[in-house]
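Protein chains in written order, with my numbering: chain A, 595 to 727; chain B, 146 to 413. Here a beta-carbon is modelled for each residue, glycine too, at the ideal position from N, C-alpha and C. Just so you know, these numbers come straight off a predicted model, no measurement behind them.
Dropping the structure here:
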């Protein structure tokens, strides 16, 4: 067993399937991008040099992109999460209300179909690379 | 409600769970192509085509002194395997029976997995899909019946790939006949043949129903692209008092970006 540990794994890494490890890595990446976005926001708030601020602004844009790519990957692999996100993101109106409604509708739909929460309507097989022959 | 119309089926929530689980269990060992090629998606049922980044000239433009070109796309295909189940078997499963007869589902899962593998490795001309093995420009290597020589054949295939500048790791797809032969030849000079082949390849050896012969291909990425619209799912067709008709379905396309990245091994 490897002695190397990584923070993104909450359970022993060698007991986790490949797909879950990939999922955990992208969750960790998403967190890091969000942190970086927050840091740049703070730095720009206190920086008086306009040229330096412009560079930070550009760098923050990169983090927005990375965050969105991570998020899209995770949503594609997690249909229930995707369904809830569709009810909340880019909607006008009360965010909390949309959140409650989206969660309720998505989980009820999934339960009525007898699906595993992360399964969606497909069988959720996807790529099998690295899953063993 | 999605196009699968699952809500209309006379199947309980636990019944759907059973069918999905059974299908997954049967499909995963047989979906050989997904163990070896790049997989993009799923992009959803509405996803219809992949842009190929190319255009072709269109003859007879509707005006003088102009030219026309049309963008090229590769449309996704919908692959479906239908099957019927006896409703009383599903009712028994709801009562707690642990041996319901789901053979028709198992057979449909095998059929669609075989078809997916065959499309990826041998192509599907009518759908515009070129297969990995038919696209390879390398001379095919004949495997012969003597399994002890297989590591040499695989090494020769890898040498051909290296000479073409194609790096590894390499995977090996074995059609059922070849796979069985390899399993039956358990040792190569005292060393398990499968392990020996794995060492030579640096990548997986995959049982590939639907593949005729075998193939060595690079898994460095970017050479073989499977694009999935809707991933495999079970949908509902209709039912009567005794049976319910369902289907397994997926939408996908496949393209070979680097034909030189694979070598065909022919079965005697």
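Whole-angstrom C-beta distance between residue j and residue i, which should lie under 8 Å
i	j	result
residue 396 (chain B)	residue 222 (chain B)	7 Å
residue 178 (chain B)	residue 265 (chain B)	4 Å
residue 441 (chain B)	residue 320 (chain B)	What the structure shows of chain B is the stretch from 146 to 413, and residue 441 (chain B) is not part of that stretch, so it cannot be assessed.
residue 210 (chain B)	residue 374 (chain B)	Residue 210 (chain B) to residue 374 (chain B), Cβ: 40 Å. No contact.
residue 256 (chain B)	residue 388 (chain B)	With 8 Å as the limit, residue 256 (chain B) and residue 388 (chain B) do not qualify as a contact, their Cβ atoms being about 18 Å apart.
residue 601 (chain A)	residue 627 (chain A)	Not really, about 16 Å apart at Cβ, beyond 8 Å.
residue 410 (chain B)	residue 360 (chain B)	6 Å
residue 631 (chain A)	residue 666 (chain A)	About 16 Å; that fails the 8 Å criterion.
residue 260 (chain B)	residue 228 (chain B)	Wrong, their Cβ atoms sit about 14 Å apart, outside the cutoff.
residue 322 (chain B)	residue 412 (chain B)	6 Å
residue 419 (chain B)	residue 346 (chain B)	The question about residue 419 (chain B) has no answer here: the residues shown for chain B are numbered 146 through 413.
residue 381 (chain B)	residue 151 (chain B)	5 Å
residue 399 (chain B)	residue 362 (chain B)	Actually they do not touch by this definition, with Cβ atoms about 13 Å apart.
residue 183 (chain B)	residue 367 (chain B)	7 Å
residue 338 (chain B)	residue 351 (chain B)	About 15 Å; that fails the 8 Å criterion.
residue 377 (chain B)	residue 230 (chain B)	17 Å between Cβ atoms; not a contact.
Opposing strand residues paired with residue i [DSSP bridges]
i	result
residue 392 (chain B)	B:227, B:380
residue 728 (chain A)	A question about residue 728 (chain A) goes unanswered here, because the residues of chain A that appear run from 595 up to 727.
residue 716 (chain A)	B:378
residue 318 (chain B)	B:351, B:360
residue 648 (chain A)	Looking at the DSSP assignment, residue 648 (chain A) forms no beta bridge with any residue, so it has no partner.
residue 397 (chain B)	B:222, B:373
residue 287 (chain B)	B:411
residue 185 (chain B)	B:372
residue 206 (chain B)	Answer is none; residue 206 (chain B) lacks a bridge partner.
Limits of the beta strand (DSSP E) - the one that residue i falls within
i	result
residue 614 (chain A)	Looking at the DSSP string, residue 614 (chain A) is not in any beta strand (DSSP E); the run it does join, the alpha helix (DSSP H), is 612-640.
residue 365 (chain B)	Unbroken run through residue 365 (chain B): none, as it is neither H nor E.
residue 201 (chain B)	194-203
residue 219 (chain B)	213-220
residue 272 (chain B)	Careful: residue 272 (chain B) lies outside any beta strand (DSSP E) and carries neither H nor E.
residue 410 (chain B)	407-411
Any C-beta of chain D under 9 Å from that of residue i
i	result
residue 176 (chain B)	This model lacks chain D altogether; the protein chains it does include are A and B.
N- and C-terminal bounds of the alpha helix (DSSP H) containing residue i
i	result
residue 295 (chain B)	295-308
residue 280 (chain B)	277-280
residue 172 (chain B)	158-175
residue 323 (chain B)	321-329
residue 265 (chain B)	248-267
residue 675 (chain A)	673-682
residue 181 (chain B)	178-181
residue 244 (chain B)	Here residue 244 (chain B) belongs to no alpha helix (DSSP H), and DSSP marks it neither H nor E.
residue 150 (chain B)	Careful: residue 150 (chain B) lies outside any alpha helix (DSSP H) and carries neither H nor E.
residue 343 (chain B)	338-346
Item to check | Contacting positions in the stretch 714-726 of chain A - beta carbon closer than 9 Å to chain B | outcome: 714, 715, 716, 717, 718, 719, 720, 721, 722, 723, 724, 725, 726
Next on the checklist: Give me the subset of the stretch 607-632 of chain A whose CB atoms are less than 8 Å from a CB atom of chain B, sorted by chain position.
Outcome noted: none
Next on the checklist: Can you pull out the residues from the stretch 185-198 of chain B whose beta carbon lies closer than 7 Å to at least one beta carbon of chain A?
Outcome noted: 187
Next on the checklist: Output needed in chain order: residues of the stretch 654-686 of chain A with a Cβ under 8 Å from some Cβ in chain B.
Outcome noted: 670
Item to check | Under 9 Å (Cβ pairs) to chain A, residues found in the stretch 269-282 of chain B | outcome: none
Checklist entry - Which residues, in chain order, does the stretch 367-381 of chain B contribute to contact with chain A at a C-beta distance below 9 Å? => result 371, 373, 375, 376, 377, 378, 379, 380
Next on the checklist: Under 8 Å, CB to CB, which of the residues in the stretch 159-176 of chain B have a partner in chain A?
Outcome noted: 159, 160, 161, 162, 165, 168, 169, 172, 173, 176
Checklist entry - Counting Cβ pairs, one atom from each stretch, are 3 or more of them under 8 Å apart for the stretch 611-622 of chain A and the stretch 638-651 of chain A? => result no
Checklist entry - Counting Cβ pairs, one atom from each stretch, are 3 or more of them under 8 Å apart for the stretch 270-287 of chain B and the stretch 186-200 of chain B? => result no
Item to check | Validate contact between the stretch 153-172 of chain B and the stretch 688-696 of chain A using beta carbons, cut 8 Å, 3 pairs | outcome: no
Item to check | Residues in the stretch 297-327 of chain B having any Cβ partner in chain A nearer than 7 Å | outcome: none
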